[in-house]
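Protein chains in written order, with this note's numbering: chain A, 227 to 459; chain B, 1421 to 1863.
For reference, the structure discussed in these notes is given below.
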Ligand code: SF4
Ligand code: SF4
């Protein structure tokens, strides 16, 4: 069985935010207006987090790092959910059941990466965007939590296709919208258990690291550090 | 030996038999605030949690603060009463009831805060339908449910003889008192059984009470978030809970004393003794807070320091230092000083200060950690909205109202326990003290 994971090469990432836009469209993420965004109510499943870089005064700078849900192997978010509305699947994807979530937001506070978002109000889209929603992804009701699903619906489609072709699902059968959209080709996706997959090879490389590794969450989103040229890609 | 005159404890029954105009005005005012809160809640149900000041990453705010605060207040009543009963502290007799009622009533409001905080209150029963026992929230539901049951029984048992007194005195309310009195006639056998039952409940209730606030703290401590993930949180929360709870008892007693003219029953000595307990908790609170902050500071982990500094010198510092002053400096000065502690106003002022301080403490546990996420996320500061403040005010008012209504149906000072004190304990205590002395014969 596959264990899906993502690799983000910070050397290649230009912080263009194409992944963010692709995700909004792909996953029917509502559009927060100016005032809601200003109040910290906007929803996005992948964000570019600003990290201060360099010592103060010597080499000031900001590094923007794309942060989707890490799909932790040991997710702190699923443990705390009082109603099992979020859980980790067999293929390592941390899923969210909107129909069961009671909106207590315990998972949002327990996630060390703060990637979960709450639906403060009913979803809204400016015309005509509301008409072009994807039929594959359910629109979330008010009052529940949502987050990156590694484009679970795409996995579903890939699985169906593999079944029709009478073979097992394998590395390369599907990729999330963000990975597909990245113009700098900084994102990779695949089966971390497949020794021949690109992600497995990159994960083993010297530049690979995980965010907040010390917390023991075992993220399945792996970063390649900046600085050493991308010879190993 | 001192002798006591026969007394029918009329003043204790007066609040039940007579209701003044002042009471109705007071109740009307509280109800108005309650109705305003109902309007605020309706607004929130209609428009969702967008009417709060919450955001990402500050997903929790006033509601959760109040949840912790109310459950904390609930601590003192049953716990203090149980400890005093088991310790045979004779001065407890006139204060246990007033304390126990606080516990039972305020627990509802504590749980109510969690419902207010839910994005989908309509789905709250999912907690029973598909409960997940790895979630500290479920532990909370379980231990609060146990506590509510145990403290209701513990409130009810010592009420039975008093209800029987009322049954015999007030024929117009027989429909209420007769079934509740459970056929109490005060036979020796009944008294013996009741004493046993109360003693058993007093023992059972103590570990449950300790578990409740420990588990509340674990909601935070079980996550890996900076300044939440702390082993000290369990005892720290229990100490804070007893601290704020004793303050609540003192304030409630002062109001009851004034409103119902119970100066003969709630005397400065009662306030003084509770004041001493409050002083002990004040010192314990300081000790825990100091230990917690010093450990964080000395370790100096950047993520923890971010939260630490936002409390001590950043945007939460005005609240933080107000907390230190109101939780420690003011009550310590007032209570360590015999001149102010023996005055009722002294202990009441200290208690009010403690309530403010402990509420701030709860707020400062919830919000600053959330405001400083490990992975940066820009968001505006959390400012509670009018809906959140209104619901807070409404909960406090409705709690006071229910408490006042209770005093209109049941004696807020236990009549039979006062009588028992008068009739038996004086000689009992004398015998007990004599038995401690070297000249007493060994059994
Ligand atoms: S990144 Fe957060 S939301 Fe995603 S699996 Fe880990 S803890 Fe859960
Ligand atoms: S917000 Fe929903 S998914 Fe998150 S912990 Fe609460 S019920 Fe579970």
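No residue lacks a Cβ here, since even glycine has one placed at the ideal position from N, Cα and C.
Just so it is clear, the structure is predicted and the values come from calculations on it, not from any experiment.
*Regarding residue 331/A and ligand 2, is the C-beta to nearest heavy atom distance less than 7 Å?*
In the first chain, the residue the question calls residue 331/A occupies position 105. Result yes, Cβ under 7 Å from ligand 2.
*Closer than 8 Å to chain B by CB, residue 457/A*: Taking the first chain and counting its residues from 1, one reaches residue 457/A at position 231. Residue confidence is low: residue 457/A scores 47 on pLDDT, short of 50, so the model does not pin down where it sits. No coordinate-derived value is stated.
*asked:* Does chain A have any CB closer than 8 Å to the CB of residue 1426/B?
replied: In the second chain, the residue the question calls residue 1426/B occupies position 6. Low confidence applies to residue 1426/B: its pLDDT is 46, below 50, so where it sits in the model is not reliable, and the reading given next is rough at best. So, not an interface residue.
_the stretch 1461 to 1469 of chain B in contact with the stretch 1500 to 1518 of chain B per 3-pair CB rule at 8 Å_ = no
*asked:* If you reduce the DSSP assignment to three classes, tell me which class residue 1605/B lands in.
replied: What you label residue 1605/B is simply residue 185 of the second chain in a count that begins at 1. Residue 1605/B: coil per DSSP, three-state reduction.
_Tell me the rounded alpha-carbon separation between residue 328/A and residue 1481/B._
For this step, residue 328/A is matched to residue 102 along the first chain. For this step, residue 1481/B is matched to residue 61 along the second chain. Cα-Cα distance, rounded: 17 Å.
*What residues of chain A sit near residue 1644/B, judged by a beta carbon separation below 7 Å?*
Stepping through the second chain from its first residue, residue 1644/B is reached at position 224. In chain order: 302, 338, 441.
*Under 8 Å (Cβ pairs) to chain A, residues found in the stretch 1596 to 1628 of chain B*: none
*Which chain A residues sit within Cβ distance under 8 Å of residue 1547/B?*
Within the second chain, residue 1547/B is the residue found at index 127, counting from 1. Simply 308, 309, 328.
*With a threshold of 16 other CB atoms inside 10 Å of the CB of residue 1818/B, please say whether the residue is buried or exposed.*
Reading the second chain from its first residue, position 398 is the one you call residue 1818/B. Counting Cβ neighbours within 10 Å, residue 1818/B comes out buried, since at least 16 surround it.
*Would residue 346/A pass as a contact of residue 1468/B if the rule is Cβ separation under 8 Å?*
Indexing the first chain from 1 puts residue 346/A at position 120. Indexing the second chain from 1 puts residue 1468/B at position 48. Contact flag set, yes.
*Pick helix, strand or coil for residue 232/A, following the three-state DSSP scheme.*
As a first step, residue 232/A must be located in the first chain, where it is residue number 6. Here residue 232/A sits in strand by DSSP.
*Can you have a look at residue 1612/B and say buried or exposed, based on whether 16 or more other CB atoms are within 10 angstroms of its CB?*
Position 192 of the second chain holds residue 1612/B. So residue 1612/B ends up on the exposed side.
*asked:* Quick check on residue 437/A - is its C-beta less than 8 Å from some C-beta in chain B?
replied: Position 211 of the first chain, counted from the first residue, corresponds to residue 437/A. At least one chain B Cβ lies under 8 Å of residue 437/A.
*Contacts of residue 321/A in chain E (Cβ-Cβ under 7 Å)*: No chain E appears in the structure shown, which is made up of the protein chains A and B.
*Using 10 angstroms around the beta-carbon of residue 1689/B, count the other beta-carbons present and answer buried if the total reaches 16, otherwise exposed.*
Residue 1689/B sits at position 269 when you count from the first residue of the second chain. Exposed.
*On a CA-only basis, which of 1476/B, 1532/B, 1456/B is nearest residue 1485/B? Give me that one, please.*
Start at 1 with the first residue of the second chain, and residue 1485/B comes out as number 65. Nearest option by C-alpha distance: 1532/B.
*Kindly list, in the order they appear in chain B, the residues whose Cβ is closer than 7 Å to that of residue 266/A.*
Here residue 266/A refers to the residue found at position 40 of the first chain. Simply 1475, 1476, 1799, 1800.
*If you pair each beta-carbon of the stretch 421 to 430 of chain A with each one of the stretch 247 to 264 of chain A, do three or more pairs fall below 8 Å?*
no
*Please classify residue 1642/B: does DSSP put it in a helix, a strand, or coil?*
Taking the first residue of the second chain as position 1, residue 1642/B is located at position 222. Of the three classes helix, strand and coil, the one that applies to residue 1642/B here is coil, per DSSP.
_C-alpha gap between residue 1829/B and residue 438/A, whole angstroms_ = As a first step, residue 1829/B must be located in the second chain, where it is residue number 409. As a first step, residue 438/A must be located in the first chain, where it is residue number 212. If I take the Cα positions, the gap works out to 58 Å.
_For residue 237/A, three-class secondary structure by DSSP_ = By 1-based counting over the first chain, the position of residue 237/A is 11. Residue state, collapsed to three classes: coil.
*So residue 1669/B and residue 1704/B are in contact, right, with Cβ under 8 Å, and what is the actual spacing, rounded?*
In the second chain, residue 1669/B corresponds to position 249, counting from 1. In the second chain, residue 1704/B corresponds to position 284, counting from 1. Contact doesn't hold; Cβ gap of about 17 Å is too wide.
_Using a strict less-than 6 Å threshold between each residue's beta carbon and the heavy atoms of ligand 1, what residues do you get?_
295/A, 296/A, 297/A, 298/A, 301/A, 302/A, 303/A, 320/A, 337/A, 339/A, 341/A, 342/A, 373/A, 443/A
*Compute the minimum distance between the beta carbon of residue 307/A and the heavy atoms of ligand 2, and state whether it is under 7 Å.*
The residue you call residue 307/A lines up with position 81 of the first chain. Checking every heavy atom of ligand 2 against the Cβ of residue 307/A, one is found closer than 7 Å.
_Can you determine whether any heavy atom of ligand 2 sits closer than 7 Å to the C-beta of residue 327/A, and answer yes or no?_
Here the question's residue 327/A lines up with position 101 in the first chain. Yes, the Cβ of residue 327/A comes within 7 Å of a heavy atom of ligand 2.
*Would the beta-carbon of residue 1798/B be found less than 7 Å away from any heavy atom of ligand 2?*
The count along the second chain starts at 1 and reaches residue 1798/B at position 378. No.
*Which chain B residues are close to residue 293/A, counting only those with a beta carbon under 7 Å from its beta carbon?*
For the purposes of this step, residue 293/A is taken as the residue at position 67 of the first chain. In chain order: 1795.
*Determine the chain A residues that contact residue 1804/B at a beta-carbon separation under 9 Å, and present them in chain order.*
Residue 1804/B sits at position 384 when you count from the first residue of the second chain. Correct list: empty, because the minimum Cβ distance to chain A is about 13 Å.
_Residues near residue 1422/B in its chain [Cβ-Cβ closer than 8 Å; skip 5 each side]_ = Taking the second chain and counting its residues from 1, the one referred to as residue 1422/B is at position 2. Reliability fails at residue 1422/B, whose pLDDT of 39 lies under 50, so the model's placement of it is uncertain and the value that follows must be treated cautiously. The answer, listed in chain order, is 1846.
*Do you know offhand how far residue 1823/B's Cα is from residue 1458/B's?*
If you number the second chain from 1, residue 1823/B lands on position 403. If you number the second chain from 1, residue 1458/B lands on position 38. So the alpha carbons of these two residues sit roughly 19 Å apart.
*Would you please state the rounded distance, in angstroms, between the beta carbons of residue 300/A and residue 442/A? I believe it to be under 8 Å.*
For the purposes of this step, residue 300/A is taken as the residue at position 74 of the first chain. For the purposes of this step, residue 442/A is taken as the residue at position 216 of the first chain. With 8 Å as the limit, residue 300/A and residue 442/A qualify as a contact, their Cβ atoms being about 6 Å apart.
*asked:* Please confirm whether residue 1486/B has its beta-carbon closer than 8 Å to some beta-carbon of chain A.
replied: Within the second chain, numbered from 1, the residue matching residue 1486/B stands at position 66. It does not; no Cβ of chain A falls within 8 Å.
*Using a cut-off of 7 Å between C-beta atoms, extract the partners of residue 1480/B located in chain A.*
Along the second chain, one-based indexing puts residue 1480/B at 60. 331, 335, listed in chain order.
*alpha helix (DSSP H) runs contained entirely in the stretch 1691 to 1734 of chain B, provided each spans 4 or more residues*: 1722 to 1732
*Give the residues from the stretch 364 to 392 of chain A that approach chain B closer than 7 Å (Cβ to any Cβ), ordered along the chain.*
368, 369, 370
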